[in-house]
Structure formats: C-alpha cells, structure tokens
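J.: Below is one structure. I have some questions about it.
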Amino acid sequence: FPLFVGQKWTREYQYRGYSGRQTVFRRRTARQGVVGLEQITTPAGTFRALKIESEPIGVGEGGEGLILLYHYSPETKSIVKFRMRRFGEKGNEMGQTELELVKFGTAP
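Oh and the sequence shown: position 87 is 70 in the numbering used here, straight run, nothing missing.
Encoded structure:
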C-alpha cells in the first residue's frame, strides 16, 4: 500500500500440494501486479476496484501452483472478488475457486 495501476512485485509463498496420497509443501515465487482499475458488480453492490494478478513462476512450464486474481476496493478496504486456479505437477488445471463480497455496510 498504496496500490496503483502498473505496480509490480514478487512474493514467496508455501504451497501445499499432493504427490500420490501424500501431502507435500513446496516453496514458490509469484509475480504480482496491479493491472487495471475496473467496476466490479457483486451481490453487495458495484465497486471501483484495482485488479491484481498473481502468477507463480513455473506454471505453464510444468510447475505446480496457483494463479490468483483479486479485485481490491479502496471503498470497502477489502477484496470484493477473488478467483484462484490451481495447477498440478504437470501444469494441468486441477480446479478453481471464486469468492465475492455478498454484503457491505456498517455494523449495528
């Protein structure tokens, strides 16, 4: 913070994967950046949000990891929409998860 369109950085994280039936932990490095400003509509309303993409170095080259897409709203000071795509050891897509803000307001 502060975030702005065009900002880029890398981060290291630990990823829990699977090798056969065994859980394994691997360290990865991801390239991240703020790639735009968009209007995002969720069940909680429409918000201006910074679009942040995160892609691990190695995915697409047979690497296991996650590709993440965040929409961060300065108005709510939170992620209003999130998408995660998981990739296996051979670079094959293993599934995805999507989350959206469903309610926004002041606490009673």
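Quick reminder that beta carbons are idealized off the backbone N, C-alpha and C, glycines included.
Measuring CA to CA, which of Leu49, Leu(-14), Ile23 is closest to Ala13?
T.: As a first step, residue 13 must be located in the sequence shown, where it is residue number 30. Taking only the C-alpha atoms, the option nearest Ala13 is Leu49.
J.: Quick one: what does DSSP say Arg4 is sitting in, helix, strand or coil?
T.: Numbered from its first residue, the sequence shown carries residue 4 at position 21. Residue state, collapsed to three classes: coil.
J.: Could you give the first and the last residue of the continuous beta strand (DSSP E) run that contains Leu(-14)?
T.: Start at 1 with the first residue of the sequence shown, and residue -14 comes out as number 3. Run containing Leu(-14): none; DSSP gives neither H nor E here.
J.: Locate the beta strand (DSSP E) running through Gly78, then write down its first and last residues.
T.: On the sequence shown, residue 78 is found 95 positions in, with the first residue counted as 1. It spans 76 to 83 - the beta strand (DSSP E) in which Gly78 sits, taken as one unbroken run.
J.: Considering only the alpha carbon of each residue, which of Glu72, Thr29, Met77, Leu20 lies closest to Glu83?
T.: On the sequence shown, residue 83 is found 100 positions in, with the first residue counted as 1. Nearest of Glu72, Thr29, Met77, Leu20 to Glu83, Cα basis: Thr29.
J.: Label Val(-12) either buried or exposed according to how many other C-beta atoms from any shown protein chain fall within 10 Å of its C-beta, with 16 as the threshold for buried.
T.: The count along the sequence shown starts at 1 and reaches residue -12 at position 5. So Val(-12) counts as exposed.
J.: Determine the direct distance from the alpha carbon of Thr80 to that of Leu(-14), and round the result to whole angstroms.
T.: By one-based count along the sequence shown, residue -14 stands at place 3. By one-based count along the sequence shown, residue 80 stands at place 97. About 24 Å.
J.: Apart from the five residues just before and just after Ile40, which ones in its own chain have a Cβ nearer than 6 Å to its Cβ?
T.: In the sequence shown, residue 40 corresponds to position 57, counting from 1. Same-chain partners within the cutoff: Thr12.
J.: For Tyr(-4), count the other beta carbons within 10 Å of its own beta carbon; 16 or more makes it buried, fewer makes it exposed. Which is it?
T.: Against the sequence shown, residue -4 aligns to sequence position 13. Exposed, by the Cβ-count rule.
J.: Measuring only the C-alpha atoms, how far is Gly43 from Gly74?
T.: Walking along the sequence shown from the start, residue 43 turns up at place 60. Walking along the sequence shown from the start, residue 74 turns up at place 91. Note on Gly43: pLDDT 49, under 50, position unreliable in the model; the coordinate value appears next. Distance between the alpha carbons of Gly43 and Gly74: 6 Å.
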